[in-house]
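Enquirer: Handing you a structure now.
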Amino acid sequence: MMEGLVYIALFAPFASSMFAALFGMSERKIFVGVIASSLLFLSFVASAMLAFYVYGTGNAIHVTMMDWISAGDLAIPFGFLVDQVSVTMMTVVTLVSTIVHIYSIGYMDHDKSFNRFFSYLSAFVFSMMILVMSDNFAGLFIGWEGVGVCSWLLIGFWYHKPDVTREENPSISPSWAANEAFIMNRIADLGMLIGIFIIYWNVGSLQYDVVFASLPNLSGSVLNAAAIALFIGAMGKSAQFPLHTWLTDAMEGPTPVSALIHAATMVTAGVFLVIRANPLFSVTPEVSYFIAALGTFVAFFAASMALVNRDLKRIIAFSTLSQLGYMFAAAGLGAYWIALFHLAAHAFFKALLFLGAGNVMHAMHDELDIFKMGGLKKAMRWTYIYMGLASLALAGIPFFAGFFSKDAIIETAWNEGTIVLWAILVLTAGMTAFYSFRQVFLTFHGKARYDEATLHPHEMYKFVLIAMSPLAILAMIAGFGMGGFEHFITKLLPDYHMSEHTHHIAWLLGLIVLVVAVSGIVLAYKKYGKGLKRDEKCENSFIYRLLANQYYIPQLYTEIITKPYAMISEHMWKDIDMKIVDTTVDGIAKFLYRSGDSTRKMQTGNLSNYLNWMAVGSVLLLVIAAISAMFV
Amino acid sequence: MIGLTHYLIVSAIIFSIGLVGVLRRRNLLMLFFATEVMLNAVNIAFAAISHYYNDLTGQMFAFFIIAIAASEVAVGLGLLIVLYKKYGSLDLDDLASMKG
Numbered sequence: 001m002m003e004g005l006v007y008i009a010l011f012a013p014f015a016s017s018m019f020a021a022l023f024g025m026s027e028r029k030i031f032v033g034v035i036a037s038s039l040l041f042l043s044f045v046a047s048a049m050l051a052f053y054v055y056g057t058g059n060a061i062h063v064t065m066m067d068w069i070s071a072g073d074l075a076i077p078f079g080f081l082v083d084q085v086s087v088t089m090m091t092v093v094t095l096v097s098t099i100v101h102i103y104s105i106g107y108m109d110h111d112k113s114f115n116r117f118f119s120y121l122s123a124f125v126f127s128m129m130i131l132v133m134s135d136n137f138a139g140l141f142i143g144w145e146g147v148g149v150c151s152w153l154l155i156g157f158w159y160h161k162p163d164v165t166r167e168e169n170p171s172i173s174p175s176w177a178a179n180e181a182f183i184m185n186r187i188a189d190l191g192m193l194i195g196i197f198i199i200y201w202n203v204g205s206l207q208y209d210v211v212f213a214s215l216p217n218l219s220g221s222v223l224n225a226a227a228i229a230l231f232i233g234a235m236g237k238s239a240q241f242p243l244h245t246w247l248t249d250a251m252e253g254p255t256p257v258s259a260l261i262h263a264a265t266m267v268t269a270g271v272f273l274v275i276r277a278n279p280l281f282s283v284t285p286e287v288s289y290f291i292a293a294l295g296t297f298v299a300f301f302a303a304s305m306a307l308v309n310r311d312l313k314r315i316i317a318f319s320t321l322s323q324l325g326y327m328f329a330a331a332g333l334g335a336y337w338i339a340l341f342h343l344a345a346h347a348f349f350k351a352l353l354f355l356g357a358g359n360v361m362h363a364m365h366d367e368l369d370i371f372k373m374g375g376l377k378k379a380m381r382w383t384y385i386y387m388g389l390a391s392l393a394l395a396g397i398p399f400f401a402g403f404f405s406k407d408a409i410i411e412t413a414w415n416e417g418t419i420v421l422w423a424i425l426v427l428t429a430g431m432t433a434f435y436s437f438r439q440v441f442l443t444f445h446g447k448a449r450y451d452e453a454t455l456h457p458h459e460m461y462k463f464v465l466i467a468m469s470p471l472a473i474l475a476m477i478a479g480f481g482m483g484g485f486e487h488f489i490t491k492l493l494p495d496y497h498m499s500e501h502t503h504h505i506a507w508l509l510g511l512i513v514l515v516v517a518v519s520g521i522v523l524a525y526k527k528y529g530k531g532l533k534r535d536e537k538c539e540n541s542f543i544y545r546l547l548a549n550q551y552y553i554p555q556l557y558t559e560i561i562t563k564p565y566a567m568i569s570e571h572m573w574k575d576i577d578m579k580i581v582d583t584t585v586d587g588i589a590k591f592l593y594r595s596g597d598s599t600r601k602m603q604t605g606n607l608s609n610y611l612n613w614m615a616v617g618s619v620l621l622l623v624i625a626a627i628s629a630m631f632v
Numbered sequence: 633m634i635g636l637t638h639y640l641i642v643s644a645i646i647f648s649i650g651l652v653g654v655l656r657r658r659n660l661l662m663l664f665f666a667t668e669v670m671l672n673a674v675n676i677a678f679a680a681i682s683h684y685y686n687d688l689t690g691q692m693f694a695f696f697i698i699a700i701a702a703s704e705v706a707v708g709l710g711l712l713i714v715l716y717k718k719y720g721s722l723d724l725d726d727l728a729s730m731k732g
C-alpha cells in the first residue's frame, strides 16, 4: 500500500511528462496542461499521504525497486527512501509544482510551444523527486543531473531569441543563459562526483545508511575532503559565490520556471544535500563553519545587488540567492532542521512572489523594468495583495512564514557565538525588507510610468489567481507549524536547541531583527512609496554602479575565464588538433589508400596469376609453420 | 628394396610436376590435368603410408579422392564446354575479364 504510494508520487510526473511529449510538436492543446496538472496533483496527494503516514508512525519507508548496477563489489540498487527529510521535500516540491503547472496553463496561453513546456516541466519534477527520494548517492546524482538538464531546457525555452549585448540585456539571450547555467553546474558537479568517489573509495558503498554508519571509522582528512567536495557540488546547484552568476541569468526562462526551479525547488537541492548528509557535515566542523560563513556572505552579497536592480525578476532572483545563503548559514551552524524549515517556508513565498511577477509581466507585455511600471495597484488588485503578502513574509514581519524561519536562523547565529555572522544576517534582513518593498512600491504604488495610451494592464485569469491562493495562505500561516515541524523532523535530524541564555533574550533578538526589517520597509516607503524620484547623484555614485553591475563579476568572468579559454581553445584547435591529431589520422588513411592503389595491380583477372599468388602464399604459410614448429 | 621413402619421393616429384603445371600452363584444360596429377600424387603417398602402417584408412581415403576427383572432372568439363562455347577459347589470358 505505502510502496504503491511511493511509486505513484514518483512516477506520476514521469507519466505526465511522457504524455505531454506525445503532443510536443503539435499546437497548443489545453487538455495537455490539464492532464499534466492533474497527474502532478496526484503526485502531491500521494506525497501528502506519505507525509501523514511518516508523521503518524515515525517510521521511514524504504523500498528497493530493482538492482541497477551490480558489478564485482559495487552494488547500487534503485532504492527509494521516504523519511522525514525526503517526505518534507516531496510535499513541498509537488505542491509548488502542481500550482506552477496550473499557473502555466494561463501564463503560457499564447505560446506556440505550450505542450513542450509541460513536458519539460513535468520531467523536471520527476528528476527532482528522484533526487530527494533516492536512498543512495548515485541515485541522488542521477536526479541532480536530471534537474540540471531540465533547467537547461527550460531556461533556453525561447531559444530562438538572438544574442544581444550585455548592456542591452545582462543575460545576453535565453540560450546563452541556459548554457551558462549548465556549464557552471557541470563545474560544480565535478566536485560532487569527486566527493562521491571519495566516499565509495573509503566506505565501499553509496547507500546513505551504510555510509553514515561507517563515518566514525574514517580519518579526519578523508571526511574533510568528502565534505568539501560534496559542498562544491551544492554550491553550484544552489548558486553560491563564486558560482552564483547563472541564477540571475536563468531569469531568461519563462516565469513559471523561475518560480518552480530557480526559487522553490532545484536551487534548494544544495541545501538538501547538506541536510541529507548532515552526519558527515556535523563531524567536519571546519567545513561546516566555512559553509555558514559563505552562506552569510552570500546572503549579504546578493541582497546588496538586489538593492539597486531595476529588473523585477532579477530582484527576486537575488533575493533567492540571499535566502539560500541564510539556509546554508543555518545548516553550517548545525541547525539542519531550521534550514529545512526555512527552505520549505521560502519555497512557498518565493514561488508566490515569482508567480505574481509573472502576472505583472503578462499585464505589462513582458516589460520587466520596475522604473517603467507604477500604479498597477488598481488594475491588479489580487496580484498586489499576493505580492504584498509574499514580501511581508520575505521581510520577516510577524507572523508570516518568513518571520519564524529567518528569525530562528539569526537566533542560531547568536547562539553559536558567531557575532559577526549574526550582525551581517541582521543587516541583511533589513536590506531584504528594503528591496522587497522597493519593488512592491515601484510596481504597484504611485503614478503609472508606462504609456497609458497603448498599454492597458489587466488582471490575470481568475483560475490562475485561485491556483495561487494556497501559496498565499501558506506564506501567511506556515510559520505556525514550526513547533510541530520541529517535533516531526528531529526524529531524524539532530535537534538544535538554543542555550538557556539565548532563550532568555530571544525576544530582544527578535525585536532587533524586527526593528531593522521595519525600518527597511519604512525607508523603502519614504523613498518610493509616492512614486519614483530619480536621484542622479546617487545613481552615478561608484557604489550604486558597482551594485547595479553585480560587482562587475560577469564582466570579470568574461575577461579572465571566457576570453582566455576561447583563445586557448582556438590555439588548441588550429595547432594541436589540426596539425597533430588530424595529420596523424589523415596520414594513416592516406597510407592505406596508397598501398591499396599500388597493390591493385595484383588483380589482373587472370586465373593463372591468382594461382601463382596462391602458391606463393601456401609456401609462405608452410615456411612459417615449419619455423614455428622448430621453436616450439 | 623399395621402401616408403622411395614412394614418398615419387609422390613429391609428381606433386611438383602438377604444381608447375598449375602455375605455368595457360590452357584451362591443361590446368585440370595438372590438378589431377597433383591429386594422384597425394593418392600415392596415402597408399604408401597406409601400407607402411598396416592401416587401411589411408587407402580408403585414396578411393574417396579418386571418386571426388572423377565427379569434379565431370562438373569441370561441363563448365569448360560452356566457357568454350561462349568465348571460343580456353586460354586464361583471353578469359581475363575482371581486371582490377
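Residue numbers (this note's numbering), protein chains in the order written: chain A, 1 to 632; chain B, 633 to 732. Virtual Cβ for every residue (Gly too), placed ideally from N, Cα, C.
Residues of the region 653-682 of chain B in Cβ contact with chain A at a cutoff of 7 Å, in chain order, please.
Expert: For the region 653-682 of chain B, which is checked against every Cβ of chain A, the residues closer than 7 Å are V654, L655 and R658.
Enquirer: Cα separation between I172/A and D163/A?
Expert: Distance between the alpha carbons of I172/A and D163/A: 5 Å.
Enquirer: Give the single residue among Y208/A, M25/A, I553/A and Y120/A whose Cα lies nearest to the Cα of P13/A.
Expert: Answer by Cα proximity: Y120/A.
Enquirer: Within a Cβ cutoff of 7 Å, which residues of the same chain sit near A701/B, ignoring the five residues on either side of it in sequence?
Expert: E668 and L671, listed in sequence order.
Enquirer: Check the DSSP bridge columns for S70/A and list the partner residues they point to.
Expert: Paired residues: A75/A.
Enquirer: Just how far apart, CA to CA, sit V203/A and R310/A?
Expert: Taking the straight line joining both Cα atoms gives about 50 Å.
Enquirer: Can you check whether the C-beta of S569/A is within less than 8 Å of a C-beta belonging to chain B?
Expert: Answer no: the Cβ-Cβ gap between S569/A and chain B never drops below 8 Å.
Enquirer: Determine, using beta carbons only, whether A728/B and T599/A come nearer to each other than 8 Å.
Expert: No, Cβ-Cβ distance for A728/B and T599/A is not below 8 Å.
Enquirer: Which chain A residues are close to S721/B, counting only those with a beta carbon under 8 Å from its beta carbon?
Expert: Within chain A, no residue comes near S721/B; the closest Cβ sits about 13 Å away, beyond 8 Å.
Enquirer: Over what stretch of residues does the alpha helix (DSSP H) that includes R534/A continue unbroken?
Expert: No alpha helix (DSSP H) holds R534/A; DSSP gives it neither H nor E.
Enquirer: Starting from P279/A and walking both ways along the alpha helix (DSSP H), at which residues does that stretch end?
Expert: Taken as a continuous stretch (DSSP letters only), the alpha helix (DSSP H) holding P279/A covers N278 to S282.
Enquirer: Note down the Cα distance separating R658/B from S703/B, rounded to an integer number of angstroms.
Expert: Computed Cα separation, rounded: 23 Å.
Enquirer: Please identify, using Cβ separations under 8 Å, the residues of the region 596-611 of chain A that lie next to chain B, in order along the chain.
Expert: Flagged, chain order: R600, K601, M602, Q603, T604, G605, N606, L607, S608 and L611.
Enquirer: State the start and end residues of the unbroken alpha helix (DSSP H) segment that holds K590/A.
Expert: Start and end: D582 to T599.
Enquirer: Do S319/A and A306/A have their CB atoms nearer than 8 Å?
Expert: Yes, Cβ-Cβ distance for S319/A and A306/A is below 8 Å.
Enquirer: If we define contact as Cβ-Cβ less than 8 Å, is M730/B a contact residue for chain A?
Expert: Interface residue, yes.
Enquirer: In the structure shown, what three-state DSSP assignment does F241/A receive?
Expert: Here F241/A sits in coil by DSSP.
Enquirer: With DSSP run on the structure shown, which of helix, strand or coil describes N136/A?
Expert: In the structure shown, N136/A sits in a strand (DSSP, three-state: E or B).
Enquirer: Do A299/A and L425/A have their beta-carbon atoms positioned less than 8 Å apart in this structure?
Expert: Their beta carbons are under 8 Å apart, which means L425/A touches A299/A by this criterion.
Enquirer: Does the distance between the C-beta of G325/A and the nearest non-hydrogen atom of the ligand MG fall short of 7 Å?
Expert: Of the ligands one can find in the structure shown there are none, so the ligand MG has no counterpart to examine.
Enquirer: For the candidate residues S405/A, F371/A, F19/A and M364/A, whose alpha-carbon lies nearest to that of A453/A?
Expert: For A453/A, the nearest C-alpha among the options comes from M364/A.
Enquirer: Are the CB atoms of M327/A and V287/A nearer to each other than 8 Å?
Expert: Cβ distance not < 8 Å, so M327/A and V287/A don't count as in contact.
Enquirer: Verify the CB distance criterion: does A626/A have a CB-CB separation below 8 Å to chain B?
Expert: It does not; no Cβ of chain B falls within 8 Å.
Enquirer: Please work out which residues of its chain come closer than 6 Å, Cβ to Cβ, to M373/A, disregarding the five sequence neighbours upstream and downstream, and give them in chain order.
Expert: If we look at M373/A and ignore the five residues flanking it on each side, its Cβ neighbours are T443.
Enquirer: Near Y107/A, which residues of its chain fall below 6 Å by C-beta distance, leaving aside the five closest residues on each side in sequence?
Expert: Around Y107/A: P256 and G358.
Enquirer: In whole angstroms, give me the CA-to-CA distance for P564/A and P554/A.
Expert: Between P564/A and P554/A, the C-alpha separation is close to 15 Å.
Enquirer: Using 8 Å for Cβ pairs, my map puts T432/A next to A393/A. What's the rounded Cβ distance?
Expert: Actually they are not in contact, since the Cβ atoms of T432/A and A393/A sit about 11 Å apart, beyond 8 Å.
Enquirer: Counting only runs that start and end within the region 653-689 of chain B, where is the alpha helix (DSSP H) found for 4 or more residues in a row?
Expert: The qualifying runs are 660-685.
Enquirer: Examine chain A for any beta-carbon lying closer than 8 Å to the beta-carbon of L724/B, and answer yes or no.
Expert: L724/B counts as touching chain A.
Enquirer: Can you tell me the Cβ-Cβ gap for G143/A and L131/A, rounded? I've got them flagged as a contact below 8 Å.
Expert: Contact holds; Cβ gap of about 3 Å.
Enquirer: Only counting the same chain, and skipping five residues up and downstream in sequence, which positions put a Cβ closer than 7 Å to that of A506/A?
Expert: E411 and M498, listed in sequence order.
Enquirer: So, for I370/A: in the same chain, excluding its five sequence neighbours on each side, which residues have a beta-carbon less than 7 Å away from its beta-carbon?
Expert: Within the same chain, I370/A has close Cβ partners R310, L312, Q439, L442 and T443.
Enquirer: Could you list which residues in chain A have their beta carbon closer than 7 Å to that of S715/B, in chain order?
Expert: Per the sequence shown, residue 715/B should be read as Leu rather than Ser. Near L715/B there are no residues of chain A at all, since even the closest Cβ is about 11 Å away, more than 7 Å.
Enquirer: With A299/A as the anchor, note down where its alpha helix (DSSP H) starts and where it stops.
Expert: Looking at the DSSP string, the run of the alpha helix (DSSP H) that includes A299/A is P285 to A306.
Enquirer: Along chain A, in chain order, which residues have C-beta atoms closer than 7 Å to that of L712/B?
Expert: The premise fails here: L712/B is roughly 12 Å from chain A at the closest Cβ pair, so nothing lies under 7 Å.
Enquirer: Note the first and the last residue of the continuous alpha helix (DSSP H) segment covering N359/A.
Expert: Note, N359/A: alpha helix (DSSP H), Y336 to A363.
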